[in-house]
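Okay, so here's the structure we're looking at.
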Amino acid sequence: MAAHFAVGPQEDDAIIRQRLLTRTSVTRGEPPMKKLLKKFLAFTSEAARPDSSMADCERLARAVLHEMAGFEQPLAMSRAVISANRREQEHFNELTKQLEADIIEAVARVEQLMAEEAEARRQRQHEEECELVRRQIAAQPARAVSEARIAALEAEVEALEGENVGAGRVVDLRRKQFALLLHTMEELQGALEEDPSRELAAVVAAGGGGGGGGGGGGGGGGVTVMPAGRPSAAAGGGEGRAATPPPPTQPDASGASPMTVDS
Numbered sequence: 054m055a056a057h058f059a060v061g062p063q064e065d066d067a068i069i070r071q072r073l074l075t076r077t078s079v080t081r082g083e084p085p086m087k088k089l090l091k092k093f094l095a096f097t098s099e100a101a102r103p104d105s106s107m108a109d110c111e112r113l114a115r116a117v118l119h120e121m122a123g124f125e126q127p128l129a130m131s132r133a134v135i136s137a138n139r140r141e142q143e144h145f146n147e148l149t150k151q152l153e154a155d156i157i158e159a160v161a162r163v164e165q166l167m168a169e170e171a172e173a174r175r176q177r178q179h180e181e182e183c184e185l186v187r188r189q190i191a192a193q194p195a196r197a198v199s200e201a202r203i204a205a206l207e208a209e210v211e212a213l214e215g216e217n218v219g220a221g222r223v224v225d226l227r228r229k230q231f232a233l234l235l236h237t238m239e240e241l242q243g244a245l246e247e248d249p250s251r252e253l254a255a256v257v258a259a260g261g262g263g264g265g266g267g268g269g270g271g272g273g274g275g276v277t278v279m280p281a282g283r284p285s286a287a288a289g290g291g292e293g294r295a296a297t298p299p300p301p302t303q304p305d306a307s308g309a310s311p312m313t314v315d316s
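Next comes the structure, spelled out in structure tokens:
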């Protein structure tokens with residue numbers, strides 16, 4: 054049959070330790086507290102008896118005091134241990150406070166050093182950027198050389214702009230000449246299509262005017278083909294526009310042509 058205990062086996066060590074500290078139990082013999090209680094009861098019983106003797110009472114009292122002296126020494130030792138423990142605890146508390154203060158100070162110092170490191174990194178980066186800019190500036194030519202080069206480029210740009218204006222004028226003139234030529238060719242082609250019999254007369258008139266007229270100012274008369282079939286006398290008194298324009302002249306060295314176009 055299983056035994057039943059008021060406390061479990063796991064609590065036996067704690068109970069035994071508590072009893073040894075309080076001197077309520079010992080490993081051998083009778084517990085000191087029980088012995089003291091017995092002697093104290095014997096002393097009170099002897100003192101309460103009417104026929105008790107003073108010698109027996111003194112003997113029992115000395116026995117009680119002897120047992121109590123056995124308790125006083127451990128109690129004094131316990132008081133000394135308690136006092137030492139309290140002093141050590143206070144010292145540990147002071148050390149703990151000092152350590153906490155040191156930790157707070159160290160954390161603040163670390164944060165300050167981190168901020169200083171970040172600032173130093175920024176300053177170093179700025180110095181490197183300034184050094185890079187300085188090297189780039191030093192690699193560039195002098196200001197006088199740059200200004201002279203800019204002035205030369207501006208002069209070249211102005212010359213190119215002038216050439217561009219002249220070229221634009223020449224192109225515009227050639228465009229007008231080409232348009233006039235196309236218009237004259239269209240009118241001549243239309244006139245020939247209307248009266249094919251005039252083709253021979255136009256050729257003869259062109260040949261006669263070149264041999265005897267000498268440039269359109271003489272007295273020889275001839276018929277030339279006009280646009281849209283309009284004949285006109287080539288003599289000095291006749292009015293009208295010739296169908297064939299004068300041949301275009303070659304432009305001079307500047308690129309402009311002396312030929313003019315009637316509006």
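So for the sequence shown, my numbering puts the first residue at 54; every next one is plus one.
Cβ coordinates follow ideal geometry from the N, Cα and C atoms, glycine included.
All figures in this text were calculated on a predicted structure; none of them were measured in a lab.
- The three-state secondary structure of Gln-178, taken from DSSP, is helix.
- Under the 10 Å beta carbon count, Lys-87 is surrounded by fewer than 16 other beta carbons and is classified as exposed.
- It is roughly 20 angstroms from the alpha-carbon of Phe-231 to the alpha-carbon of Ala-244.
- The three-state secondary structure of Arg-102, taken from DSSP, is coil.
- Around the beta carbon of Lys-92, a 10 Å sphere encloses 16 or more other beta carbons of the protein chains shown; the residue is thus reported as buried.
- Secondary structure note for Gln-242: its alpha helix (DSSP H) is the uninterrupted segment 196-247.
- Here Phe-124 is not near Leu-113, since their CB atoms are 8 angstroms or more apart.
- Here the alpha carbons of Leu-206 and Val-198 stand approximately 12 angstroms from one another.
- The Cβ neighbour count for Val-117, taken over all protein chains shown within 10 Å, is at least 16; the residue is labelled buried.
- For Arg-115, the closest alpha carbon among the candidates Ser-131, Ser-105, Leu-89 is that of Leu-89.
- Between Glu-99 and Asp-109 a beta carbon distance of about 5 angstroms is seen, short of the 8 angstroms cut, so the two are scored as contacting.
- The DSSP-derived three-state label of Pro-84 is coil.
- Between the C-alpha atoms of Val-160 and Glu-143 there is a straight-line separation of about 25 angstroms.
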